[in-house]
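Protein chains in written order, with my numbering: chain A, 8 to 161; chain B, 106 to 788.
A virtual CB, placed ideally from N, CA and C, is assigned to each residue, including glycine.
Notes follow once the structure below has been shown.
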Amino acid sequence: MNIDNIRVRVSKHYHNVYRDLTQETATRPKVFQQHGDVFALCAVLGYRLGRCNECKGADLFWSHSLNKHQQVVLMALSAVEAGEYGILSTPASVVETCEGYAETGMEYLLGGVLAPLAHYDEKGGYSLRMTDSDEVEKLMASAIADLATAGPVL
Amino acid sequence: MRVQRLELTNFRQFEGTQAIDFAGAGESDPNTVTVVAGENGLGKTGLYRALMYCLFGARSLDQDRNYESDPGSFDETKIYLVNLAALDRCKPAGVEAKVRVLFTHDGKAYDMSRKLYGVLDGNADVLEENRGTTLHITDSRGNTASLGPVDSEQITETIGAILDPRVRDYFLFDGERIERLTKATTRQRREIARGIRNLLRIDEVFAAAEALKLLDRKLTSEMQAVSSGEYQKRLMEKGRLSEELSKLTERVGHLTSELEIAERQLDAIDKEIETYAHLNEAIEKRSRAEAERKTVLDEKAKTRQDLRALCSRSGVLLAKDLLDRVWVDLDVRIEKGEIPPPLRQEFIAKLIENGTCICGRAIEPDSQEYFQLKTWEKRVVDASSQHGLLSFYSDLSGARQEADGLLDDLTKTLHRSAEVQERIDSLDTLIRQLTEDLDQAGNPDLKGKSSFRTETLRKIAKLNVDKDTVTQQQEDKKTELAELERELERLAKEANVHQSLARQTLILARAKVAMEHVVSGFVAEVRKELQDKATASFQALIDHDGARTLRAVLVSEDYSLEVTDWRGKPFLANVSAGQRQILSLAFITALAQIAGGASVLEVPLYMDTPFSRLSTEHRVNLLRLMPQVAPQLILLVTGKEFGAEEQAELRASGRWGKRYLLEGESQGVTRIREQPLVGGTRA
Numbered sequence: 008m009n010i011d012n013i014r015v016r017v018s019k020h021y022h023n024v025y026r027d028l029t030q031e032t033a034t035r036p037k038v039f040q041q042h043g044d045v046f047a048l049c050a051v052l053g054y055r056l057g058r059c060n061e062c063k064g065a066d067l068f069w070s071h072s073l074n075k076h077q078q079v080v081l082m083a084l085s086a087v088e089a090g091e092y093g094i095l096s097t098p099a100s101v102v103e104t105c106e107g108y109a110e111t112g113m114e115y116l117l118g119g120v121l122a123p124l125a126h127y128d129e130k131g132g133y134s135l136r137m138t139d140s141d142e143v144e145k146l147m148a149s150a151i152a153d154l155a156t157a158g159p160v161l
Numbered sequence: 106m107r108v109q110r111l112e113l114t115n116f117r118q119f120e121g122t123q124a125i126d127f128a129g130a131g132e133s134d135p136n137t138v139t140v141v142a143g144e145n146g147l148g149k150t151g152l153y154r155a156l157m158y159c160l161f162g163a164r165s166l167d168q169d170r171n172y173e174s175d176p177g178s179f180d181e182t183k184i185y186l187v188n189l190a191a192l193d194r195c196k197p198a199g200v201e202a203k204v205r206v207l208f209t210h211d212g213k214a215y216d217m218s219r220k221l222y223g224v225l226d227g228n229a230d231v232l233e234e235n236r237g238t239t240l241h242i243t244d245s246r247g248n249t250a251s252l253g254p255v256d257s258e259q260i261t262e263t264i265g266a267i268l269d270p271r272v273r274d275y276f277l278f279d280g281e282r283i284e285r286l287t288k289a290t291t292r293q294r295r296e297i298a299r300g301i302r303n304l305l306r307i308d309e310v311f312a313a314a315e316a317l318k319l320l321d322r323k324l325t326s327e328m329q330a331v332s333s334g335e336y337q338k339r340l341m342e343k344g345r346l347s348e349e350l351s352k353l354t355e356r357v358g359h360l361t362s363e364l365e366i367a368e369r370q371l372d373a374i375d376k377e378i379e380t381y382a383h384l385n386e387a388i389e390k391r392s393r394a395e396a397e398r399k400t401v402l403d404e405k406a407k408t409r410q411d412l413r414a415l416c417s418r419s420g421v422l423l424a425k426d427l428l429d430r431v432w433v434d435l436d437v438r439i440e441k442g443e444i445p446p447p448l449r450q451e452f453i454a455k456l457i458e459n460g461t462c463i464c465g466r467a468i469e470p471d472s473q474e475y476f477q478l479k480t481w482e483k484r485v486v487d488a489s490s491q492h493g494l495l496s497f498y499s500d501l502s503g504a505r506q507e508a509d510g511l512l513d514d515l516t517k518t519l520h521r522s523a524e525v526q527e528r529i530d531s532l533d534t535l536i537r538q539l540t541e542d543l544d545q546a547g548n549p550d551l552k553g554k555s556s557f558r559t560e561t562l563r564k565i566a567k568l569n570v571d572k573d574t575v576t577q578q579q580e581d582k583k584t585e586l587a588e589l590e591r592e593l594e595r596l597a598k599e600a601n602v603h604q605s606l607a608r609q610t611l612i613l614a615r616a617k618v619a620m621e622h623v624v625s626g627f628v629a630e631v632r633k634e635l636q637d638k639a640t641a642s643f644q645a646l647i648d649h650d651g652a653r654t655l656r657a658v659l660v661s662e663d664y665s666l667e668v669t670d671w672r673g674k675p676f677l678a679n680v681s682a683g684q685r686q687i688l689s690l691a692f693i694t695a696l697a698q699i700a701g702g703a704s705v706l707e708v709p710l711y712m713d714t715p716f717s718r719l720s721t722e723h724r725v726n727l728l729r730l731m732p733q734v735a736p737q738l739i740l741l742v743t744g745k746e747f748g749a750e751e752q753a754e755l756r757a758s759g760r761w762g763k764r765y766l767l768e769g770e771s772q773g774v775t776r777i778r779e780q781p782l783v784g785g786t787r788a
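Rendered as structure tokens:
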């Protein structure tokens with residue numbers, strides 16, 4: 008049971024944020040290895056917030072770039088959302104559910120930990136303006152540790 | 106020579122007329138020690154300078170040159186003798202300065218004065234001019250002979266006969282000189298050699314040996330002119346060998362001078378580097394901090410990399426509760442037997458398709474049984490789905506474990522990151538502070554100095570190798586020359602030519618060899634006597650701890666000082682700075698004993714701040730020994746080094762006669778104040 012070979016959609020105005028978090032420069036390494044890492048985090052954050060927005064986004068990456076554990080997380084998330092395990096038989100539905108959660112997760116990041124770096128442009132949507140001295144990974148890791156130790160989300 | 110009184114008028118720091126009356130002025134005077142206490146810069150050394158100026162007209166002392174890295178560049182006109190405060194007060198007319206010395210020698214009383222006049226020119230430079238010398242000599246019957254400025258040559262001769270000007274600097278020992286004596290440098294060896302030769306007046310012996318060599322060369326040359334054949338050939342060879350030997354000797358001398366200069370430069374650069382020792386420490390500290398910062402920055406980069414890896418896996422980490430919840434749900438279902446389900450989809454489908462129950466009864470479409478079967482069919486998943494759920498259940502376990510480990514890793518990595526950042530901040534603060542301190546101290550170019558020092562050390566090593574090589578060549582030539590002289594002696598007999606001249610040459614050659622033996626024998630004798638006296642003084646001076654290890658003083662053939670341990674092995678490299686000073690003082694004492702004991706020289710011994718590096722026991726020992734050795738001892742001390750214990754010890758010696766205090770009255774003006782000796786030999 009897996010969710011391979013599905014195009015994962017993300018709202019167009021978040022595409023640049025995904026790019027900025029997964030792109031390295033000559034002096035600054037990328038914070039996340041690939042889009043799937045950002046997506047999985049956002050989906051879980053959205054789930055923890057209990058908000059799932061409809062995603063009218065555009066294809067950003069293939070679901071097979073998600074590793075096994077991330078796929079399991081997304082499947083668990085969609086099963087809970089659906090209230091039954093039948094959804095797992097239709098990977099597209101799993102991904103669709105998670106896309107909605109990932110939208111709110113990204114919204115949460117941009118309004119919180121990434122807010123100091125976030126820049127909004129009518130045409131390009133959101134992007135991040137990072138300098139070499141910004142230790143984004145440290146900010147992200149601290150925020151994640153705070154959430155992880157804050158208490159269980161049921 | 107016993108100095109009674111030193112009177113200074115506007116000389117150096119001493120404005121107006123001030124005087125010191127020395128203890129031990131009379132030969133039967135039991136009190137021979139005068140203590141002059143004063144802090145640095147108040148003119149303690151100036152008192153010795155005044156004595157040397159009056160007796161010899163010397164504007165500078167050997168010590169002044171010692172502080173120059175290049176003695177050749179030393180300019181003694183930079184040393185002002187006229188008191189600057191008096192000069193300033195009396196400008197533009199100028200002021201007269203004078204030093205007067207009253208002393209006795211060989212039953213006669215001497216009253217000598219030397220004057221100079223100083224003015225300040227328009228550029229505030231000091232110009233000084235000698236104003237003549239006078240000397241009044243009174244014999245035991247009261248007859249006085251007076252010599253004035255026109256008799257300056259006679260005055261110089263008279264004083265020179267009492268005290269050889271070549272050893273005038275040898276009676277002032279400051280810390281610098283004392284320390285130099287135990288450093289195995291070319292300069293040290295030369296100094297000791299000079300000390301022995303001049304102080305004991307054996308340099309005439311060396312001069313005689315040199316004269317014989319000259320005479321030998323002259324005779325050889327004459328013999329060449331009147332000889333022929335093999336003898337002449339050998340004589341020419343001798344001339345050539347002598348010439349080569351002379352060149353090699355000159356080369357050794359040249360290398361020795363170069364070595365001396367290099368060692369002096371090394372000494373000077375070491376001193377300079379030492380003045381920046383505190384900065385050196387700061388520079389080293391900063392370098393260490395910078396190196397550590399680099400390491401910590403690498404650690405920080407590693408931590409950031411770890412954090413990025415954790416960020417990429419953070420979706421799983423934050424889903425821990427979710428994963429647990431789903432896993433528990435599935436676990437319960439499996440426990441209940443719902444997965445795999447009791448009814449299989451294909452079995453239900455078969456019943457619906459056949460329209461027959463397992464009991465054989467028909468199942469009509471739209472019947473209650475039919476709808477029940479249809480409901481069951483929807484509820485159970487197919488076989489592949491059942492298999493998939495079990496696989497999902499297993500994957501959930503793996504993901505839960507991953508989430509557990511990730512939280513632990515994240516916590517530890519964040520903690521490490523905070524520690525690393527804290528260390529970097531602390532190092533940055535330290536580096537900034539040290540940089541500010543160094544900037545404020547200017548730029549002493551320690552790196553440049555250190556590199557110059559390394560170069561100088563290399564140069565010294567090379568010069569030593571060169572000198573050893575040339576010395577060896579010199580020795581080889583000497584051996585060759587000796588063989589040739591024996592050959593010449595044989596040839597002269599055989600040829601029987603120019604017997605008279607040949608005889609003279611032969612006698613001279615033998616005299617030369619004999620003289621060399623005399624010189625080496627005499628020097629060896631003096632060395633032995635010096636060693637014995639120095640060892641006795643050393644044993645009297647050294648403290649109990651040192652006495653357990655250190656036994657005897659050796660004066661080597663190359664005039665370097667050595668001390669042996671209880672096994673008779675050289676031990677100088679292992680002794681402390683204080684023990685080195687004691688070794689030097691023992692040597693000085695030995696020199697004074699030999700010179701004074703032979704009545705060759707009887708001059709007050711000045712010791713300038715001799716206690717600074719000595720332990721209390723060493724100081725006490727020195728204070729016990731020195732008054733017995735020197736006919737007159739003048740101790741120039743700072744208050745810090747001459748405390749209650751030292752005073753008590755000197756008092757107990759029964760030799761302390763006078764005490765003076767030098768007080769700074771105003772800028773550049775020192776006042777000499779006599780202080781009564783309380784509880785001592787004088788009320």
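Assignment of P135 (chain B) by DSSP, reduced to helix, strand and coil, places it in the coil class. Taking 8 Å as the cut-off, the beta carbon of N115 (chain B) is found no closer than this to the beta carbon of V206 (chain B). The three-state reading of DSSP puts Q477 (chain B) in helix, counting H, G and I together. Within the DSSP secondary-structure output, G64 (chain A) pairs in no beta bridge. For L532 (chain B), no Cβ of chain A is located within less than 8 Å of the residue's own Cβ. DSSP, read as helix, strand or coil, puts W432 (chain B) in helix. Annotation: Cβ neighbours of Q40 (chain A) in chain B (cutoff 7 Å, chain order): S417.
Look at I647 (chain B) here: in three-state DSSP terms it is coil, with no helix or strand label.
Along the segment 71 to 97 of chain A, the positions whose C-beta sits under 7 Å from a C-beta of chain B are K75, H76, Q77, V79, V80, M82, A83, L84, A86, V87, Y92, G93, L95, S96, read in chain order.
Among the residues facing chain B, E129 (chain A) is not included, as its CB has no counterpart in that chain under 8 Å away. For E507 (chain B), the nearest CB of chain A lies under 8 Å from its own CB, placing it at the interface with that chain.
Using a Cβ-Cβ cut-off of 8 Å, A125 (chain A) does not count as an interface residue toward chain B, since no Cβ of chain B sits closer than that to its own.
Between L635 (chain B) and I699 (chain B) a beta carbon distance of about 7 Å is seen, short of the 8 Å cut, so the two are scored as contacting. About 6 Å separates the beta carbon of G151 (chain B) from that of Q118 (chain B), a gap short enough to meet the 8 Å contact definition. Restricting attention to A:Q40, A:R58, A:A33, the CA atom closest to the CA of G107 (chain A) is found in A:R58. Shortest Cα-Cα distance from K318 (chain B) to any of B:T182, B:K583, B:V660 involves B:K583. Pairwise C-beta distances place the segment 745 to 764 of chain B in contact with the segment 125 to 140 of chain B, as three or more of them are shorter than 8 Å.
One finds M8, V79, M82, A83, A86, Y92, L95 in chain A with Cβ atoms closer than 9 Å to the Cβ of F497 (chain B), taken in chain order.
Annotation: Cβ neighbours of D44 (chain A) in chain B (cutoff 9 Å, chain order): C416, S417, R418, S419, G420.
DSSP, reduced to helix, strand and coil, places P732 (chain B) within a helical segment of the structure shown. According to the DSSP secondary-structure assignment, Q123 (chain B) is paired through a beta bridge with B:L113. Per DSSP, V51 (chain A) is one residue of the alpha helix (DSSP H) stretching across 42 to 56. Taking CB atoms only, K19 (chain A) has no neighbour in chain B less than 8 Å away.
Non-local C-beta neighbours of I536 (chain B) in its own chain, meaning closer than 8 Å and more than five positions away in sequence, comprise R391, A394, E395, R398, ordered along the chain.
Check the Cα spacing between S717 (chain B) and each of B:L741, B:T261, B:R438, B:A298: the tightest is with B:L741. Closer than 8 Å to the CB of S100 (chain A) there is not a single CB belonging to chain B. Among the residues facing chain B, I151 (chain A) is included, as its CB has a counterpart in that chain under 8 Å away.
Under the 8 Å criterion on CB atoms, M137 (chain A) is classed as non-interfacial with respect to chain B. Counting only Cβ-Cβ distances below 9 Å, R55 (chain A) has contacts in chain B at L423, A424, D426, L427, in chain order. A direct Cα-to-Cα measurement between R16 (chain A) and Q473 (chain B) gives close to 45 Å.
Contact between A152 (chain A) and L515 (chain B) holds: CB atoms are separated by about 5 Å, below the 8 Å threshold.
V401 (chain B) is not a Cβ neighbour of E507 (chain B), given a cutoff of 8 Å.
Per DSSP, R760 (chain B) lies in no alpha helix (DSSP H) segment and is marked neither H nor E.
Under the rule that a run must span 3 or more residues, the beta strand (DSSP E) segments found entirely inside the segment 158 to 235 of chain B read 200 to 210, 213 to 225. Neighbours of T516 (chain B) in chain A, taken as residues whose beta carbon is under 7 Å from its own, are A152 in chain order.
For R339 (chain B), no beta strand (DSSP E) run applies; the uninterrupted alpha helix (DSSP H) run containing it begins and ends at 334 to 380, by DSSP.
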